[in-house]
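See below for the structure under consideration.
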Amino acid sequence: MGYSDIYREWQTDPEAFWMKAAEDIHWYKKPSKALFDENAPVYEWFSDGLTNTCYNAVDRHVEAGRGGQLAIMHESPITHSTKGLTYRELRDRVASLAGALKMRGVEKGDRVIIYMPMIPEALEAMLACARIGAVHSVVFGGFAAHELAVRIDDAKPTAIIAASCGLEPNRVVHYKPLLDEAIEQAEHKPDFCVIFQREQEVAKLVEGRDFSWHGFQYGVKPADCVPVEGNHPAYILYTSGTTGQPKGVVRTTGGHLVALQWTMKNIYNVGPGERFWAASDVGWVVGHSYICYGPLIAGAETLVFEGKPIGTPHAGVFWKIIQNHRVKSFFTAPTALRAIKREDPKGEWIKRYKLHDLQALFLAGERADPDTIKWAQEHLNVPVIDHWWQTETGWAIAANPIGVETLPVKIGSPSVAMPGYDVHILDEGGHEVPDGTMGAIAIKLPLPPGTLQTLWNAEERYRKSYLEHFPGYYETGDAGYKDEDGYLYIMARTDDVINVAGHRLSTGAMEEVLAAHPDVAECAVIGVHDDLKGQLPFGFLCLNSGSDRKPEDVIAECVYQVRDQIGPVAAFRHACIVDRLPKTRSGKILRATMQKIADSEEYKMPATIDDPAILDEITAALRDAGYAKVREPQ
Ligand code: COA
Ligand code: AMP
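In the UniProt record's numbering, the protein residues as written are 1 to 634.
Structure (structure tokens):
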């Protein structure tokens, strides 16, 4: 069967399609049906089945006689270490940690925050939660204490599992002081913390609250897998919205298992014993779906990489690892390839390694620019597959499903909609636009299994953010178009979310930090084009009248504050002082117009602008900062 047959099979009978896919998962009690629509437009999948994520990702492979096969391979060019764990070792370690969590009172449904770098223990912590039905929420290490505190207050975890430190090429990231500060800031306090002490930094433990990873597990009885309902939350993953309050995407167990298993076979063409590597971080959705769960559910070997595409130690590190571990499918963000391409434009590093086992390179996280795709195609000589998805969906909305059929690659397009996704391009009024015309991208409800069921503790926000604008559809927040062959092109966001080095960030969150500066009366943050990172945040600050501070001092303090409050990952370094911000007559800041000016794109004078002259001031300020070089308004 080719792609069109499979897509048609799903369209004809979605229920039968997903029930058949569910047969690849172990159920303690099989679900009676796939879709539960009683609470539509909030849908659930496989709700009355009983299953366990950890059993499907670990134990069942051991029981099938593959306990000696590698499950996780850790590569850290920063610590110069390589370490493998078999499925049997992984099961024993996870069961032990799960047993210790249980003994300390963590029960099914309790939340556990995980704040860890790229080490196998991060995956073990996730799986240990899944084993006992606890709901984990992994927080990316590049976020500052304040962001962690916000998540602690929202998820209200019983426990937090953290490492003593993370390792960036140029510095040690002191996780433990960040954790202590976050707990101090948060209103909710966890019952206890478990700290994995790394050799590079041994953290001071708080007596009565903190336990060391090893001591905590000493002498405990390993825990068995706890059967949970199909609609039991597997995890919460916070992602950026338009405000400083992140959205807690809730992924439920049954759909998560079914969807990821389906994608491993059909999109990535990876099965038991084969090697899969996603060079992302467990703090992001790619890390959840394709460093931890997807490959393990499929019984494959997953690589956990602590390093960077360049500088650890060189621009050939990806290719060296692909060669040494005979990686079959490799997944990274375009920004990582751009970094490599900049250092190795002729692909000299690639030529030094034998990449015989590599069947395809997958890209996601941001728009893959044609130059980068062409460079990868030329030097790697394998299909370069762009695919489009979001934290909310958990797996690809559009892809080229090489496990089914490798469709012709159209550069600039993440290819076609996957089964489960009925993708439409709509105008502002919710009407379908013709092929080739840009519009808002929306997906007909229900979304398939494995996508978000709701937002944690915020069902109303879920409905408002995603379901209300186009009734009957899920609003992706992306804009783009479809061509006559059904290929999608994802061009921009329709909201104030920006994408910095494949990381999704909220300009609203940065504006909240800037607005708190005592000399700032008003501010706006936009994403400006950057050749390496795709976008970088840029701030406009209006100072309080009468402020006699030096502009450069205020800017430096604002830069410091964003790093301190949100984290280094925000990469907020540039801002300028302006007298006024361009607004509509109703007071809405014209961020999209400012972004177009910054990127020297053509723009139309907004009909509702209050005072067009302000755009001249903005253009001048951007020119001084090195942006807005060519065009004038039409
Ligand atoms: N913990 C703590 N700090 C972190 C971190 C982590 N897990 N990850 C990044 N940071 C810090 C970095 O140290 C850096 O801090 P600095 O300002 O002190 O230098 C800052 O956050 C920005 O990091 P990063 O985005 O990694 O930029 P970079 O300039 O260090 O490297 C790239 C540039 C392109 C090499 C890098 O961004 C990259 O590898 N991108 C790929 C991203 C990716 O895979 N995304 C997943 C989407 S699927
Ligand atoms: P995140 O939730 O962090 O995975 O970010 C999701 C957003 O990243 C999407 O809504 C898009 O804006 C962007 N994105 C992800 N993958 C792609 C892609 N292949 N092409 C274009 N944009 C992408």
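Note that CB positions come from ideal geometry on N, CA and C, so glycine has one too.
Nearest-angstrom Cα separation, counted from residue j out to residue i
| i | j | result |
| --- | --- | --- |
| residue 280 | residue 304 | 9 Å |
| residue 633 | residue 531 | Note that residue 633 has pLDDT 49, beneath the 50 cutoff, so the model's placement of it is unreliable and no number is given. |
| residue 542 | residue 495 | 23 Å |
| residue 179 | residue 156 | 15 Å |
| residue 517 | residue 114 | 31 Å |
| residue 621 | residue 556 | 17 Å |
| residue 68 | residue 394 | 30 Å |
| residue 624 | residue 587 | 26 Å |
| residue 449 | residue 509 | 30 Å |
| residue 648 | residue 105 | With the chain running from 1 to 634 in the structure shown, residue 648 is simply not present. |
| residue 242 | residue 498 | 10 Å |
| residue 483 | residue 435 | 5 Å |
| residue 359 | residue 415 | 18 Å |
| residue 505 | residue 465 | 16 Å |
| residue 548 | residue 540 | 18 Å |
| residue 218 | residue 118 | 24 Å |
| residue 153 | residue 326 | 43 Å |
| residue 299 | residue 524 | 47 Å |
Three-state secondary structure assigned by DSSP to residue i
| i | result |
| --- | --- |
| residue 136 | strand |
| residue 79 | coil |
| residue 634 | Confidence in residue 634 is poor, its pLDDT being 48 and thus under 50, which makes the residue's placement too unreliable to answer from. |
| residue 73 | strand |
| residue 159 | strand |
| residue 482 | strand |
| residue 225 | coil |
| residue 124 | helix |
| residue 388 | strand |
| residue 318 | helix |
| residue 84 | strand |
| residue 165 | coil |
| residue 568 | helix |
| residue 404 | coil |
| residue 45 | strand |
| residue 501 | coil |
| residue 539 | strand |
| residue 302 | strand |
| residue 202 | coil |
| residue 606 | coil |
| residue 97 | helix |
| residue 288 | helix |
| residue 23 | coil |
Top-ranked residue by Cα proximity to residue i, from the options
| i | options | result |
| --- | --- | --- |
| residue 566 | 80, 511, 58 | 511 |
| residue 322 | 41, 124, 74, 592 | 74 |
| residue 222 | 131, 161, 77, 250 | 131 |
| residue 353 | 484, 397, 324 | 324 |
| residue 52 | 549, 257, 218 | 257 |
| residue 165 | 410, 332, 140 | 140 |
| residue 527 | 598, 17, 124 | 598 |
| residue 167 | 188, 201, 187 | 201 |
| residue 136 | 220, 170, 340, 293 | 293 |
| residue 533 | 151, 339, 182, 208 | 339 |
| residue 410 | 236, 379, 370, 7 | 370 |
| residue 437 | 578, 231, 16, 490 | 490 |
| residue 128 | 103, 142, 355 | 103 |
| residue 546 | 568, 520, 553 | 520 |
| residue 544 | 525, 469, 579, 219 | 579 |
| residue 107 | 227, 203, 458, 189 | 227 |
Where the beta strand (DSSP E) containing residue i begins and where it ends
| i | result |
| --- | --- |
| residue 489 | 488 to 493 |
| residue 576 | 574 to 577 |
| residue 523 | 520 to 530 |
| residue 374 | Careful: residue 374 lies outside any beta strand (DSSP E), inside the alpha helix (DSSP H) at 370 to 380. |
| residue 11 | Segment 3 to 12 is the alpha helix (DSSP H) holding residue 11; no beta strand (DSSP E) there. |
| residue 176 | First-last for residue 176: 175 to 185, but that is the alpha helix (DSSP H), not the beta strand (DSSP E). |
Span of the alpha helix (DSSP H), counted from its first residue to its last, around residue i
| i | result |
| --- | --- |
| residue 596 | 591 to 598 |
| residue 445 | No alpha helix (DSSP H) holds residue 445; DSSP gives it neither H nor E. |
| residue 624 | 613 to 624 |
| residue 217 | 213 to 217 |
Counting Cβ pairs, one atom from each stretch, are 3 or more of them under 8 Å apart for the segment 151 to 171 and the segment 577 to 584? no
Does the segment 434 to 454 come close enough to the segment 248 to 255 to have 3 or more Cβ pairs within less than 8 Å? Counting Cβ pairs under 8 Å, three or more are found: they touch.
With a cut-off of 8 Å, do at least 3 Cβ pairs link the segment 330 to 350 to the segment 305 to 321? yes
Counting Cβ pairs, one atom from each stretch, are 3 or more of them under 8 Å apart for the segment 203 to 212 and the segment 405 to 424? With the cut-off at 8 Å, the segment 203 to 212 and the segment 405 to 424 do not touch.
Inspect the CB distances between the segment 229 to 240 and the segment 35 to 53 and report whether three or more fall short of 8 Å. Short answer: they touch.
Below 8 Å, can you find three or more Cβ-Cβ pairs linking the segment 441 to 448 to the segment 32 to 42? yes
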